Amino acid sequence: MKPLHSSFKITVALLFSSQLSFAAADSSPNYLLYCLIGAGIVALMYAIISLADNMMQIEAKNLGADTSENDYSIFPSFSSLFKPKAGDHVDPKRLVSLKEGHDIKLVGGAHADHSITNTAEHYAVKPTNFRGMAPIPKITAAVGERVKAGDALMFDKSNPDVIYAAPVSGEVIEIRRGAKRAITEVIIKADKEVTFKENAVPNIESASREDIVKFLLETGGWAHLNQRPFDVIPNQDVTPKNIFVSTFATGPNAPDLNIIVEGSEAAFQKGLDALNKLTDGQVYVGLDGRKGHSSHTAYSEAKGVVSNYFAGKHPVGNVGIQIHHTAPINSGDVVWTLKVQDVIVLGRLFMTGAYDTRTKVALTGAEVNNGYVDTFLGASVGELVGPNLKHDHVRVISGDVLSGEPLPADGYLNQKTSQITVLAEGDKHELFGWLLPLKPRPSVSPTFPTYIMPKHEFDVDTNTHGEKRAFVQTGAYEKVLPMDIYPQHLMKAIMANDFENMEGLGILELSEEDLALCEFICPSKSPLQSILRDGLDTMRDQM
Amino acid sequence: MGLVDFFKKIEPDKKKSPILHTFYDAVYTFALAPDSTTGPKGTQIKDGMDLKRLMVHVVIAMQLCYLFGTYNIGHQHFTAAGQYMGFIEGFHLKLAHGLILMLPIFLVTHIVGLGIEIIFAAKKGHAVEEGFLVSGALIPLIMPPDIPLWILAVAVAFAVILGKEAFGGTGMNIWNIALLARVFIFFAYPTTISGDTVWVSGFEGIAADSVATYGWGHDIFNTLFGWMGLDGFNAAKTAVVDGYTGATPLALAYQGGWEGATEVYSPAQMWWGAIPGSIGETSKPLILLGALFLLVTKIASWRIMLSMLIGGIVGAMVLNGWGATPFMEVPWYYQFWMGSFFFAMAFMATDPVTAASTNTGKWWYGFFIGFIGMIIRVINPAYPEGWMLAILFMNTFAPLIDHYVLQSNISKRLKRA
Chain A
1 MKPLHSSFKI TVALLFSSQL SFAAADSSPN YLLYCLIGAG IVALMYAIIS LADNMMQIEA
61 KNLGADTSEN DYSIFPSFSS LFKPKAGDHV DPKRLVSLKE GHDIKLVGGA HADHSITNTA
121 EHYAVKPTNF RGMAPIPKIT AAVGERVKAG DALMFDKSNP DVIYAAPVSG EVIEIRRGAK
181 RAITEVIIKA DKEVTFKENA VPNIESASRE DIVKFLLETG GWAHLNQRPF DVIPNQDVTP
241 KNIFVSTFAT GPNAPDLNII VEGSEAAFQK GLDALNKLTD GQVYVGLDGR KGHSSHTAYS
301 EAKGVVSNYF AGKHPVGNVG IQIHHTAPIN SGDVVWTLKV QDVIVLGRLF MTGAYDTRTK
361 VALTGAEVNN GYVDTFLGAS VGELVGPNLK HDHVRVISGD VLSGEPLPAD GYLNQKTSQI
421 TVLAEGDKHE LFGWLLPLKP RPSVSPTFPT YIMPKHEFDV DTNTHGEKRA FVQTGAYEKV
481 LPMDIYPQHL MKAIMANDFE NMEGLGILEL SEEDLALCEF ICPSKSPLQS ILRDGLDTMR
541 DQM
Chain B
1001 MGLVDFFKKI EPDKKKSPIL HTFYDAVYTF ALAPDSTTGP KGTQIKDGMD LKRLMVHVVI
1061 AMQLCYLFGT YNIGHQHFTA AGQYMGFIEG FHLKLAHGLI LMLPIFLVTH IVGLGIEIIF
1121 AAKKGHAVEE GFLVSGALIP LIMPPDIPLW ILAVAVAFAV ILGKEAFGGT GMNIWNIALL
1181 ARVFIFFAYP TTISGDTVWV SGFEGIAADS VATYGWGHDI FNTLFGWMGL DGFNAAKTAV
1241 VDGYTGATPL ALAYQGGWEG ATEVYSPAQM WWGAIPGSIG ETSKPLILLG ALFLLVTKIA
1301 SWRIMLSMLI GGIVGAMVLN GWGATPFMEV PWYYQFWMGS FFFAMAFMAT DPVTAASTNT
1361 GKWWYGFFIG FIGMIIRVIN PAYPEGWMLA ILFMNTFAPL IDHYVLQSNI SKRLKRA
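Chains A and B, in that order, give the protein sequences. Position 450 of the first sequence, counting from 1, maps to 450 under my numbering, and the rest follow consecutively. Position 265 of the second sequence, counting from 1, maps to 1265 under my numbering, and the rest follow consecutively.
If you want it as C-alpha cells, here you go:
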C-alpha cells in the first residue's frame, strides 16, 4: 500500500505546485513539468501493478503453491535477469553463477550414444606435455626394448624422482627429436593385449603423505598432477594449499565428462581420497550447474570433498575460473589441478596397482565422424581419426579449437585432453569478407546477423578473418572472462616486462585456456595465450 | 578466383617500391579478406570481427550525418540569401552546393591522412592500420563548410603525424585525432573556424548584400540543371539579405539566453538541425540514430555515452542554479538543443583508443567530459562550444583514471592474500 500512497501524493503535489515553481519559464511549453507529470503517472501505474502483483504472490502462498521455482510474480527477480539460469538439480547455496562468457556453438559435437570402435597401434609419451621439465629428459628405455604399461620411460634430469611411464605395453620403436635435439616423442608400438606392471599399493587410510607421494613418483602417477600457477609438474616437496577438479567442460564441442567417468566411478572416488591425503587444505570439485545439464552422481555425491555448482557460459567449466570464485590463488600460493581422467588414473593406481590410462576421447568437428573412442593416453591421432575423416584438407587438433594444439598427420594426442577436433582449413580469400561475409561465422559481435540466433551451430574453418593489429577495442575481453581481472592491461604489463603489475593484475590466477576466449574474440587478432605464457615463464624464472 | 589472380599479377615489388606495395596491400586486403589461417599456437578459430569491420561500422553510423550535413550546407547558403526558405525547396541546388563544398573537404582529408598513414606504414614495414577510416570520416563533419582546403590539409597532417604517428600509430595515440585536427585550426587559424561569419558558405562575407561566390563546380551543375530545365545558380541575384547574422544558436544564447536563441531559431529547427554550424553536428535525431546503431552493435561504450549525458545534465543544472548570466539561465534540458553535445557524445568521446579503457574508468571519463564541457560552453567567453576541449582534456587524464582503477584492483588482490 505504501508505494501507491506516496507516488499518488507526489503526483498531486506536482500538479498543484507547477504554477509556482515553474512560473519563470512560462513563455514556452514547460517540458520539465510534462516530464515530471509523465514520470508521476508511470510511477502511479507501477504502484498499482506492483500492488496487484504482491496480492497475487500472497494468494499463491496461501494456496500452498510451490514458490521455490516460480514466485508467481510478473516481475522477474533481479538475479534471474542478470544471472544465467541454473538447473533444477542445483543446490542454490552452493551455486556460483557467472554472467560473463560466451558459448561457441560448432557443428560436430560428439554424442553419448555414438561410440566409434577404432584402436590406435602406436602411442607416445611427449616430454613437451610436461611443463617445468628440463628440455632433454633422460631416456631409460632404449629403442627396441619391450616395456609394460607403467614401466618408466624417462625421468626429468632436474628432478630425477619424477618418472614418466609408458601408457601401454609393447616395444619402444622410436625416439623423435625436434629443434636443438630436444626429445619430442618416445613412441611405443602397442601389444594386442596390454599388460601392466604390478605395483605394491599403499593403504590410503593408513599410509603417510610421504608414502603416497613416493608411490605416485615411482608409478608415473605424479605426471598426472598439475600445479597452478604456471601449469607445471608440481614439486614433491611442496604441499599444495588446495586441490581443484572441474567435472564439466564448456569449451566448443567439449566432451561430456559424465560419459568419461561412466564405469570408473569407484576409481574417481579413490583418486579423490588419495588427493585428500596430499593437501592440508580441501579438495574442491566443481559441478555442472547449468540449466539443461546434469552432474554425474560420481561427481555430485563424491565424498570427502567440497563441491560447488557453477552456472554460466564458457569458460565457466575451466578450473581456473572455478578457483577464482572459490579460493583464489594469492601470491605465494601453490594449488594443484587435475582433470577428471587424471583423477581416475590415480584412483586405478590405488585400487589395482596398475598404471591404467584407459580413457574415452571425443572425436569432434565437422570434418570427422563424431563419437567417443576408447583408447589409452598418447594415442596416434592419425590412427584414431584416419578412417573417420571426411576430407583431406583439414586440421587435426589435440583438444578444442580454443586452446588445442594442431598436430601433424603422424602426431600423438596430448596428455591433458580428451578431445580431438578436426576442422577444415580456411586458406581462402573472400571478396569483401570483412564487410559482407557470405558464410556464417561465430562471433560475439552483434554486427553479425547470427547474433540473434544463439543456438545456431557454425561450420567453422581456420581462417583468421583479419590481420593482426594494435589493441584498439576496450572492454571486450572483460565480457568473456568471468574473473576480476583486466586482461588488456595485464597483457600490456607482460609486454612491458613489468613484474609488479603482472602479479598485481592477477597473472598467477590465469592459464592459457582461461584467456582463450579473449583471444578468439579479439578484433586485433592479438596472440593473448602466447603473451600470457611468455609472462608466466618470465615470472617462473624470477622465482 | 579471377580477382586473386589479377591482384597477384599487378603486385608491385616490395623491395623496390615499398610505399606503392603498402598501398597495394591496403587495397588488396580491403577487397579480399586475407587467406591467412591460425598458427600452431593459440586459438585455432577466430571471431569474424576484425578492426576493418569494427571501424567501418562507426563510419556507417555517420552516414545520415553526411547526407544531412551536405544538404544543410546548401540550405544555409540559400537561407542567408533569403531564397528557397522551405527546407525541401530548391532541393537540387542545395544538394549541388553542398556536394561542391563537401567533396573537396572529404577528398583532401583522406588523401592527406591516408597518404601519411601509407608512408609511415611503409617505413615501419607493417600494413596500413584502419584507424584513419574513422578519423577521416569524422574530420569533414566537424569543419565549417568554407574551410580553406590548405588549412584543412595542414591540420590533418598535424593531427596524423604529431597526434598519432609520433606516438606509434593506431591504438597508441593519446588524443582523439579528429579533434586534434580541429583544435589545431581552432588555435592556429581561429577566424576560419569560429565566430558568426564562418558557418554559412558561398558568400564573400556575411554583411548584407555580399554576393555569392560560385566557381566552376557550380557552372558544371548549372549546365546540367539547364539541360533538365531546372533553376540554376545565379550569383548576381544571390546576396545575403538584410538582418541576417549567421550566428549559431550558441552564440545567440551567450548574448541573450534561450530567448535570444529562440528569436532567430525555433526549438524544432535546432533539434532537427536546419541551423548553421559545423557540417555534421547540427541534426540531433540523426546523430542519435547513429549513436543507437553504435550501441546496438556494441561498438561504442554505453557507459561513456550515459555518463557523459549525466555529466552534461548535472553541469547544466548546477549552472541553472547559479544563474548569473542569461546563458546560465537557459533551462538545462535546452542546453542539449544547441551545439554539438550529441555528436561529441556519440562519435568523439567513445573513441576506444583515447578514452579510459577500464569500465569503471569510463564512468568517470564520460561524466567529467559532460560536466567540464558544459562549464566551458557556458562560462568561458573565448570558446563557443566546450566538447572539443573537454574531450581532449579528459583524453589526457584517461590514463590517470585507468591507473587508479587498476591500482584498486591490485590492492584488492594484495589485501586478499
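Positions of the beta carbon are idealized from the N, C-alpha and C atoms, including for glycine. Nothing here was measured: the structure is a model prediction, and the numbers come from that model.
Under the rule that a run must span 3 or more residues, the beta strand (DSSP E) segments found entirely inside the stretch 337-370 of chain A read 359-364. About 6 angstroms separates the CB atoms of residue 1338/B and residue 1261/B; that is less than 8 angstroms, so the two are in contact. Its chain contains 1080, 1196, 1197, 1199, 1200, 1206 and 1276 as the residues whose beta carbon lies nearer than 7 angstroms to that of residue 1246/B, once the 5 sequence neighbours on both sides are disregarded; these appear in chain order. Neighbours of residue 1417/B in chain A, taken as residues at a C-beta separation under 7 angstroms, are given in chain order as 330 and 331. At least 7 angstroms separates the CB of residue 1308/B from every CB of chain A. In the DSSP assignment, residue 396/A falls within the unbroken beta strand (DSSP E) covering 394-398. With contacts defined by Cβ atoms closer than 7 angstroms, residue 1226/B and residue 1077/B do not form a contacting pair. Uninterrupted beta strand (DSSP E) stretches at least 3 residues long and entirely within the stretch 228-308 of chain A occur at 243-246 and 283-288, given in chain order. For residue 1041/B, at least one C-beta of chain A is nearer than 7 angstroms to its own C-beta. Chain order gives the chain B residues near residue 470/A as 1129, 1169, 1170, 1171 and 1172, where near means a beta carbon separation below 7 angstroms. Where residue 167/A is concerned, there is no enclosing beta strand (DSSP E), because DSSP gives it neither an H nor an E. Sequence-ordered contacts of the stretch 121-134 of chain A with chain B are nonexistent [C-beta pairs closer than 8 angstroms].
Not flagged as an interface residue toward chain A: residue 1266/B, since no C-beta distance is shorter than 7 angstroms. Residues of the stretch 516-536 of chain A that bring their beta carbon within less than 9 angstroms of a beta carbon in chain B comprise 516, 517, 519, 520, 521, 522, 523, 524, 525, 527, 528, 529, 530 and 533, in sequence order. Collapsing the DSSP output to three states places residue 185/A in a strand. Chain order gives the chain B residues near residue 473/A as 1054 and 1352, where near means a beta carbon separation below 7 angstroms.
Per DSSP, the continuous alpha helix (DSSP H) segment holding residue 1228/B begins and ends at 1216-1228. Taking residue 462/A as reference, the option from 484/A, 487/A and 423/A with the minimal CA-CA separation is 423/A. With a cutoff of 7 angstroms on beta-carbon distance, residue 1149/B and residue 1183/B are scored as not near each other. Positions of the alpha helix (DSSP H) runs, each at least 4 residues long and wholly inside the stretch 1145-1175 of chain B, are given as 1149-1158 in order along the chain. Here residue 1163/B really is in contact with residue 1180/B; their C-beta atoms are around 4 angstroms apart, less than 8 angstroms.
Separation of residue 436/A and residue 1043/B (C-alpha to C-alpha, rounded to the nearest whole angstrom) is 23 angstroms. At a cut-off of 7 angstroms between beta carbons, residue 250/A makes no contact with chain B. Taking the Cα of residue 1410/B as reference, the smallest distance to any Cα among 507/A, 362/A, 374/A and 389/A is reached at 507/A. In this structure, the beta-carbon distance from residue 164/A to residue 379/A does not fall below 7 angstroms. Here the alpha carbons of residue 276/A and residue 162/A stand approximately 20 angstroms from one another. For the pair residue 95/A and residue 108/A, the Cα-to-Cα distance works out to about 30 angstroms. Legend: CB atoms of the stretch 409-441 of chain A lying less than 8 angstroms from CB atoms of chain B belong to residues 421, 423, 425, 426, 427, 428, 429, 430, 431, 432, 433, 434, 435, 437 and 441.
Shown here, residue 123/A sits in a strand according to DSSP, grouped into three states.
For the C-beta of residue 260/A, not a single chain B residue is nearer than 9 angstroms; the gap to the nearest is close to 22 angstroms. Contact between residue 319/A and residue 286/A holds: CB atoms are separated by about 7 angstroms, below the 8 angstroms threshold.
With contact defined as three or more Cβ pairs closer than 8 angstroms, the stretch 514-530 of chain A and the stretch 464-478 of chain A are in contact. For residue 495/A, same chain residues with a beta-carbon under 8 angstroms away, outside a window of 5 residues either side, are 531 in chain order.
Listed as beta-bridge partners of residue 100/A by DSSP are no residues whatsoever. Counting along the chain, no beta strand (DSSP E) covers residue 1281/B, and no H or E run does either.
Linking residue 316/A to residue 308/A through their CA atoms gives a straight-line distance of about 12 angstroms.
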